[in-house]
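In the working numbering, each residue's number is its place in the sequence shown (first place is 1) plus 2.
By construction, the Cβ of each residue, glycine as well, lies at the ideal position given by its N, Cα and C atoms.
Owing to the predicted nature of the structure, the values given are computational and were not obtained by experimental measurement.
The structure appears below as structure tokens.
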Amino acid sequence: MADNEQKEPEKRQKGSKIGTGIGVGVGVGVAIGAALNNVALGLSLGIAVGLAIGTAMEARQNKS
3 MADNEQKEPE
13 KRQKGSKIGT
23 GIGVGVGVGV
33 AIGAALNNVA
43 LGLSLGIAVG
53 LAIGTAMEAR
63 QNKS
């Protein structure tokens, strides 16, 4: 490809950052829940925090 040609912007499926955030949150939540001997609480908190982080990352990506 020549230097003066522009690459097409990378197309991502909407919501992919939210899914990533939830996935990471679940992993961290289960680990914390196991340490506190309450996996259900850790899982719930992990999903909530992961959803918030994923939504923030999605908003930041759409802003730019």
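> S66 lies in the alpha helix (DSSP H); which residues open and close that run?
Replying inline: Along the sequence shown, one-based indexing puts residue 66 at 64. Per DSSP, S66 belongs to no alpha helix (DSSP H) and is neither H nor E.
>> By the three-class DSSP mapping on this structure, what secondary structure does L53 have?
In response: Taking the first residue of the sequence shown as 1, we reach residue 53 at position 51. L53: helix per DSSP, three-state reduction.
> If you pair each beta-carbon of the region 54-65 with each one of the region 28-43, do three or more pairs fall below 8 Å?
Replying inline: no
> So which of S18, V28 and G56 has the shortest CA-CA distance to L47?
Replying inline: For the purposes of this step, residue 47 is taken as the residue at position 45 of the sequence shown. Nearest option by C-alpha distance: V28.
>> My assumption, with CB atoms under 8 Å, is that G52 sits in contact with G44. Please give the rounded CB distance.
In response: If you number the sequence shown from 1, residue 52 lands on position 50. If you number the sequence shown from 1, residue 44 lands on position 42. Between G44 and G52 the Cβ distance is about 12 Å, and since that is not below 8 Å, they are no contact.
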